[in-house]
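One point on numbering: in our numbering, the residue at position 130 of the sequence shown is 121, and numbering is uninterrupted.
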Amino acid sequence: MIATIGIKMLEITATHWNGTNTIHPTLIWDENEAVLIDAGYPGQLPLIREAMEQAGVPFEKLTHLIITHQDLDHIGSMPNIIIEASQPIQVLANELEKPYIQGEKRLIKLTDQAIASLDSLPDEWREGVRRLFMNPPRADVDRVVTDGEQLPFGGGLTIINTPGHTPGHISLYYHASKTLIAADAMNVVDGKLTGPAPQYTYDLVQARASLKKLAAYDIETVICYHGGMYTGDANKRIAELADEE
Ligand SMILES: [Zn+2]
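In structure tokens:
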């Protein structure tokens, strides 16, 4: 019996140009609607669909897609999800991320250096990834979400602006289970909750300030897109991370 209201961290593993890795979109649903938080790498719709089935929420129930930020591993399957769905899917994101998600600005991590580094990729990946970089996934953002905004999904979800990893990065707080969906504001590495990874962070000073903001919430579980779930003493750990310089 599937609960009428629920949250489930999905686990999607696949091999890409940057190696084999696992990412964790989060699914939140209620009787009427289901929202997927982040859309994986390109080509992952079949895996997402399967993970949703396993959670007891068929793909046909999906109504919203919240994109926490513009990175390729978060927007990858967004266009396919929208095209394949027979039902309308609303895309929600922060104002600052919108022009990137809509393909109006070049994704900030697709720097000249990142594009030049494609030369060193193995033959089987190089051209495909080049095409991806030249023509990244894009979709219209139907609704801009703002800091502190309450969304009704699954009984209640709060938007928390946590800039740093990208300028308009957001995290979400799910009230029913006091779960923070941190996206890439934090990571889980070897079972430990860690702060932003400097090499992937656009503005580290901002990212650290965002941790201070998260420390104000009462959090029992943290879901990190990279590394998965942290169920230790999250409040204490986030306060520690927020105090680190
Ligand atoms: Zn990411």
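Backbone N, C-alpha and C fix where the C-beta goes; we use that ideal spot for every residue, glycine too.
Any heavy atom of ligand 1 within a distance shorter than 7 Å of the CB on residue i?
i, result
"Asp234", "no"
"Tyr32", "no"
Could you name the residues that DSSP lists as bridge partners for residue i?
i, result
"Ile210", "BP columns for Ile210 are empty, so no partner."
"Thr157", "Partner(s): none; Thr157 has no beta bridge."
"Ile73", "Answer by DSSP bridge pairing: none, since Ile73 is not bridged."
"His55", "Val26 and Gln81"
"Gln141", "Thr149"
"Met0", "Thr17"
"Gly10", "His7"
"Leu163", "Ile150 and Ile172"
Using CA atoms only, rank isn't needed, just tell me which of the options is closest to residue i.
i, options, result
"His166", "Leu53, Leu142, Gln93 and Ala174", "Leu142"
"Lys100", "Gly119, Ser111 and Glu88", "Glu88"
"Gly47", "Val82, Gln35 and Thr(-5)", "Thr(-5)"
"Tyr145", "Ile58, Val26 and Gly94", "Here residue 145 is Gly; the residue named in the question, Tyr, does not match the sequence. Looking at the Cα atoms, Val26 is the closest of the given residues."
"Arg117", "Thr17, Glu2, Asp234 and Asn9", "Asn9"
"Asn71", "Ile39, Lys183, Gly94 and Tyr91", "Ile39"
"Gln45", "Ile(-2), Thr153 and Ile229", "Ile(-2)"
Can you name the start and end residues of the alpha helix (DSSP H) that residue i belongs to?
i, result
"His7", "No alpha helix (DSSP H) holds His7; the beta strand (DSSP E) holding it covers Ile3 to His7."
"Tyr91", "Lys89 to Ile92"
Could you give the residue range of the beta strand (DSSP E) that holds residue i?
i, result
"Ile248", "Missing from the structure shown is residue 248; the chain here goes from -8 to 236 and no further."
"Arg134", "Arg134 to Val136"
"Ala130", "Premise fails: Ala130 is in no beta strand (DSSP E) and is neither H nor E."
"Ala173", "Thr170 to Ala174"
"Leu184", "Lys183 to Thr185"
"Met125", "Careful: Met125 lies outside any beta strand (DSSP E), inside the alpha helix (DSSP H) at Asp114 to Met125."
"Met220", "Gly219 to Tyr221"
Would a check of beta-carbon distances place residue i closer than 8 Å to chain D?
i, result
"Lys96", "Absence of chain D from the displayed structure is noted, only one protein chain being present."
I want to check one thing, is the minimum distance from the CB of residue i to the heavy atoms of ligand 2 below 7 Å?
i, result
"Lys100", "In terms of ligand content, the structure shown lacks ligand 2 and carries ligand 1 instead."
Who sits around ligand 1, taking every residue whose Cβ is closer than 6 Å to one of its heavy atoms? Asp62, Asp64, His65, Asp175, Tyr216 and His217
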